[in-house]
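Undergrad: This is the structure, below, for whatever I ask next.
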Amino acid sequence: MVNYIKKVNENVNIEEGEQIIENILLNVYFKEGISNKELARKNLLPIPVIVAVKKELIRCGLLIQNNGVRLTKEGLHFIENKLGFQGIRKDLYMRLLKETWEEEQEITEIKCILNKIFIERPSADITIDQSKCTLDTAVKRAGLCLQNYALIGKNILCVGDDDLVSIALGFLLKKLFANIEHCSTMISVMDIDNRILSYIQDIAEKERLPIKCVCLDFRKALLNNFIEQFDCFFTDPPYTLEGMILFLSRGVEALKKRSGLPIFLSYAHKSPEFELSMQKCFVDMGLMLSKVMARFNTYEGAGIIGNTGQMIVLKTTSKSKALIQTFYQGPLYTGELKKTVRLYRCRDCGETTKVGLLEEIQTIEELKLNGCSRCGKQIFNLIEKSKI
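Per the numbering used here, residue 57 is the first one in the sequence shown, and the count goes up by one each step.
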């Protein structure tokens with residue numbers, strides 16, 4: 057099938073790139089007879105640009121002008137078979153584009169199904185900066201993907217996924233398609249933690265979700281078959297500048313070479329100086345800051361970041377590039393950059409235990425799981441903390 061999106065982009069050559077042309081076509085698919093004015097408003101483009109794109113789509117035989125702009129049979133065939141919308145529940149898709157999408161019955165049903173899955177997921181490994189987001193947050197991230205036209209018919213990458221965003225995306229797709237076999241979306245998960253990967257893969261196979269998992273240490277370079285393959289990616293990286301740069305770099309390498317592709321970056325709220333350094337990195341990577349949503353993410357037991365985090369939506373440009381493309385050897389996780397030893401006292405018997413990356417017990421979670429070496433109880437008080 058002819059790639060009309062690419063063909064139109066070559067002829068019109070708008071700076072916004074192929075993604076915006078696809079969005080315009082989808083606007084017509086979901087609202088036949090839509091006006092130039094509404095297309096301009098939905099896509100934040102001047103009307104002359106909309107007219108130029110529309111004329112080229114008409115020339116390609118995808119659209120006709122008849123009481124507004126409408127799809128031809130070829131246009132409908134292209135959207136449903138090439139862009140992956142065949143068999144979609146159009147009414148639900150449109151409802152999920154509204155601001156009140158979280159109130160929809162189907163979203164409530166997804167959360168009910170996911171509740172047990174999220175309760176039983178593996179515990180967080182804080183030595184690699186894992187901090188599990190809540191079920192509501194994972195579903196919100198999935199909804200954000202749909203609202204950015206990055207869900208249907210796309211190759212989606214999760215750069216790390218202890219938050220189970222892939223599972224939330226998969227169940228959203230099951231709601232959107234009456235028959236999941238019609239869904240052409242593919243979700244890939246890359247993570248260093250085999251516990252997470254096994255858990256996700258087991259659920260995906262049981263529920264017939266379009267998810268595949270790959271074990272990967274992001275310190276290592278991406279395999280060639282993952283480079284320039286994806287349409288968007290999610291990441292909730294270590295809350296260090298080094299960790300953010302590395303995870304973003306791996307994701308950017310994996311994205312197709314197209315302008316306007318979305319990146320969903322979840323991150324802690326940081327100081328103005330740290331956030332300035334982050335934004336400098338975005339510029340150096342050729343990424344556009346599209347939207348920042350404060351307190352978008354909530355986490356379980358992440359008191360160090362106030363149990364909340366921001367969602368930063370970035371978009372690719374023609375200048376997008378990874379800052380790290382080879383093997384990374386430097387410090388990455390919070391514990392590697394801020395090495396500490398903590399002394400805990402058992403509340404029952406008073407026995408003290410050292411906890412730290414260089415100690416026999418590395419985390420308080422591990423200490424609680426093992427229990428006090430003297431009495432076996434599991435409640436401790438922090439009495440001293442020092443840097444190494």
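Ideal placement from N, C-alpha and C gives every residue a C-beta, glycine not left out.
Check Val411 in the structure and name its three-state DSSP category.
TA: By one-based count along the sequence shown, residue 411 stands at place 355. DSSP places Val411 in strand when its eight states are reduced to three.
Undergrad: Threshold first: 3 residues or longer. Then list the beta strand (DSSP E) segments lying entirely within the stretch 240-273, N to C.
TA: Runs found: 242-247, 267-271.
Undergrad: What three-state label does DSSP hand Arg97 in the structure shown?
TA: On the sequence shown, position 41 is the one that residue 97 refers to. Looking at Arg97 - three-state DSSP - the assignment turns out to be helix.
Undergrad: Which residue's Cα is closest to the Cα of Gln186: Glu309, Leu413, Thr390?
TA: Against the sequence shown, residue 186 aligns to sequence position 130. Of the candidates Glu309, Leu413, Thr390, the one whose C-alpha sits nearest the C-alpha of Gln186 is Thr390.
Undergrad: I'd like to know whether the C-beta atoms of Ala234 and Arg197 end up nearer to each other than 8 Å.
TA: Residue 234 sits at position 178 when you count from the first residue of the sequence shown. Residue 197 sits at position 141 when you count from the first residue of the sequence shown. Not in contact: Ala234 and Arg197 (Cβ atoms no closer than 8 Å).
Undergrad: Would you kindly check if the distance between the Cβ of Glu284 and the Cβ of Gly386 is under 8 Å?
TA: Position 330 of the sequence shown, counted from the start, is the residue given in the question as residue 386. Position 228 of the sequence shown, counted from the start, is the residue given in the question as residue 284. Not a contact, by the Cβ cut-off of 8 Å.
Undergrad: Taking 6 Å as the limit between beta carbons, can you name the residues of its chain near Lys63, skipping five residues before and five after?
TA: Working through the sequence shown from its first residue, we reach residue 63 at position 7. Excluding five sequence positions before and after Lys63, none of the CB atoms of its chain fall closer than 6 Å to its own CB.
Undergrad: Could you please give me the residues that DSSP links to Met344 through a beta bridge?
TA: Working through the sequence shown from its first residue, we reach residue 344 at position 288. DSSP lists Lys371 as partners of Met344.
Undergrad: Flag this pair as yes or no: are the beta carbons of Ile208 and Ile144 separated by less than 8 Å?
TA: Reading the sequence shown from its first residue, position 152 is the one you call residue 208. Reading the sequence shown from its first residue, position 88 is the one you call residue 144. Yes, they are a contact pair.
Undergrad: If you measure from the CB of Asn79, is any heavy atom of the ligand FAD nearer than 7 Å?
TA: As presented, the structure is devoid of all ligands, the ligand FAD included, so that no description of it is given.
Undergrad: In the DSSP output, what is Glu440 paired with across the bridge?
TA: Position 384 of the sequence shown, counted from the first residue, corresponds to residue 440. According to the DSSP secondary-structure assignment, Glu440 is paired through a beta bridge with Leu399.
Undergrad: Mind checking Ala378: buried by the 16 CB within 10 Å criterion, or exposed?
TA: Here residue 378 corresponds to residue number 322 of the sequence shown, with the count starting at 1. Buried, because 16 or more other Cβ atoms sit within 10 Å of the Cβ of Ala378.
Undergrad: How big is the Cα-Cα spacing for Leu347 and Asn353?
TA: Along the sequence shown, one-based indexing puts residue 347 at 291. Along the sequence shown, one-based indexing puts residue 353 at 297. In the sequence as presented, Leu is not what sits at residue 347; that position holds Lys. One C-alpha to the other measures close to 14 Å.
Undergrad: Which of the three DSSP states is assigned to Pro328 in this structure?
TA: The residue labelled residue 328 in the question sits at position 272 within the sequence shown. Of the three classes helix, strand and coil, the one that applies to Pro328 here is helix, per DSSP.
Undergrad: Considering only their Cβ atoms, is the gap separating Pro266 from Leu388 smaller than 8 Å?
TA: By 1-based counting over the sequence shown, the position of residue 388 is 332. By 1-based counting over the sequence shown, the position of residue 266 is 210. No.
Undergrad: Pop quiz: Gly216 and Asp287 are said to be a contact at Cβ under 8 Å. What is the actual Cβ separation, rounded to whole angstroms?
TA: One-based indexing of the sequence shown puts residue 216 at position 160. One-based indexing of the sequence shown puts residue 287 at position 231. Not quite, the Cβ-Cβ distance comes to about 18 Å (not below 8 Å), so this is no contact.
Undergrad: Under a Cβ-count criterion, where at least 16 other Cβ atoms within 10 Å of its own Cβ denotes burial, should Val107 be classed as buried or exposed?
TA: On the sequence shown, position 51 is the one that residue 107 refers to. Label assigned to Val107: exposed.
Undergrad: In or out: Leu191 buried (at least 16 other Cβ within 10 Å) or exposed?
TA: On the sequence shown, residue 191 is found 135 positions in, with the first residue counted as 1. Label assigned to Leu191: buried.
Undergrad: Which one or two residues does DSSP pair with Asn426 in a beta bridge?
TA: Sequence index remark: in the sequence shown, residue 426 carries index 370 (1-based). Beta-bridge pairing links Asn426 to no other residue.
Undergrad: Whose C-beta lies closer than 8 Å to the C-beta of Thr396 among residues of the same chain, with five residues either side of it excluded?
TA: Here residue 396 refers to the residue found at position 340 of the sequence shown. Contacts found: Gly412, Lys441, Ser442, Lys443, Ile444.
Undergrad: The beta strand (DSSP E) with Ser222 in it runs from where to where?
TA: What you label residue 222 is simply residue 166 of the sequence shown in a count that begins at 1. Per DSSP, Ser222 belongs to no beta strand (DSSP E); it is in the alpha helix (DSSP H), 221-232.
Undergrad: Our contact map puts Ile175 next to Phe227 with C-beta atoms below 8 Å; I'd like the distance itself, whole angstroms only.
TA: Here the question's residue 175 lines up with position 119 in the sequence shown. Here the question's residue 227 lines up with position 171 in the sequence shown. Not a contact, Cβ separation roughly 15 Å.
Undergrad: Val125 bridges to which residues according to DSSP?
TA: Numbered from 1 along the sequence shown, position 69 holds the residue referred to as residue 125. BP columns for Val125 point to Ile90, Gln121.
Undergrad: Hey, is Val215's beta-carbon within less than 8 Å of any beta-carbon in chain C?
TA: In summary, chain C is missing from the structure at hand, where a single protein chain is found.
Undergrad: Look at the alpha carbon of Glu331 and the alpha carbon of Tyr384, and state the distance between them as a whole number of angstroms.
TA: To locate residue 331, count along the sequence shown from 1; it is residue 275. To locate residue 384, count along the sequence shown from 1; it is residue 328. Distance between the alpha carbons of Glu331 and Tyr384 is about 23 Å.
Undergrad: For Leu213, which residues does DSSP report across the bridge?
TA: Walking along the sequence shown from the start, residue 213 turns up at place 157. Answer is Ser244, Phe289, bridged to Leu213.
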